[in-house]
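Colleague: For reference, each letter of the sequence shown is one residue, going 906 to 1026 in the numbering used here. Below is the structure I would like to discuss, written out as structure tokens.
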Amino acid sequence: MPTPVKITRPKPYLLTIAWSDGLETTITIRTFRDECPCASCKGENIMGTTYSFGMQIIKPGMYDLASIQAVGNYAIQADWKDGHNTGIYSWDILRGISEQHSLSEEDLMRLAEQAARENGS
Ligand SMILES: [Zn+2]
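See the structure below:
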């Protein structure tokens, strides 16, 4: 299983991970939050059925990442500015999210243009 060698935020809205197998993935901070693997975001698996207790309300600070902490040598924990910090992303979960949502050069350009427009208005 590849592990992250380096986790950086090249832009406030991007999370880039360099992996031990040489792959580099970039996802948005928003995706990182939307894919929070904790029980209240992803629902709890009870008797084989997934119940979602997550609410689709966007809270202030929800997509603001305050910090990322290492959890042992198997995961990272994200601390969000809305106070949410129960999401523990093990390497296999993180790798799955990163591969599934990895941004192309085109996506990155579009996001940069969008950010420039938002800052300019
Ligand atoms: Zn969560």
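By construction, the Cβ of each residue, glycine as well, lies at the ideal position given by its N, Cα and C atoms.
Which residues bound the alpha helix (DSSP H) around I1002?
Modeller: Run containing I1002: W996 to H1006, per the alpha helix (DSSP H) assignment.
Colleague: Relative to ligand 1, is the shortest distance from any of its heavy atoms to the C-beta of S945 smaller than 8 Å?
Modeller: S945: yes, Cβ under 8 Å from ligand 1.
Colleague: Per DSSP, which one or two residues make a beta bridge with D932?
Modeller: Here residue 932 turns out to be Ile, not Asp, going by the sequence shown. Answer is L920.
Colleague: Tell me where the beta strand (DSSP E) around D984 begins and ends.
Modeller: Its beta strand (DSSP E) spans residues A980 to W985.
Colleague: For S972, report the span of its alpha helix (DSSP H) as first-last.
Modeller: That residue, S972, is in no alpha helix (DSSP H); its beta strand (DSSP E) goes L970 to V976.
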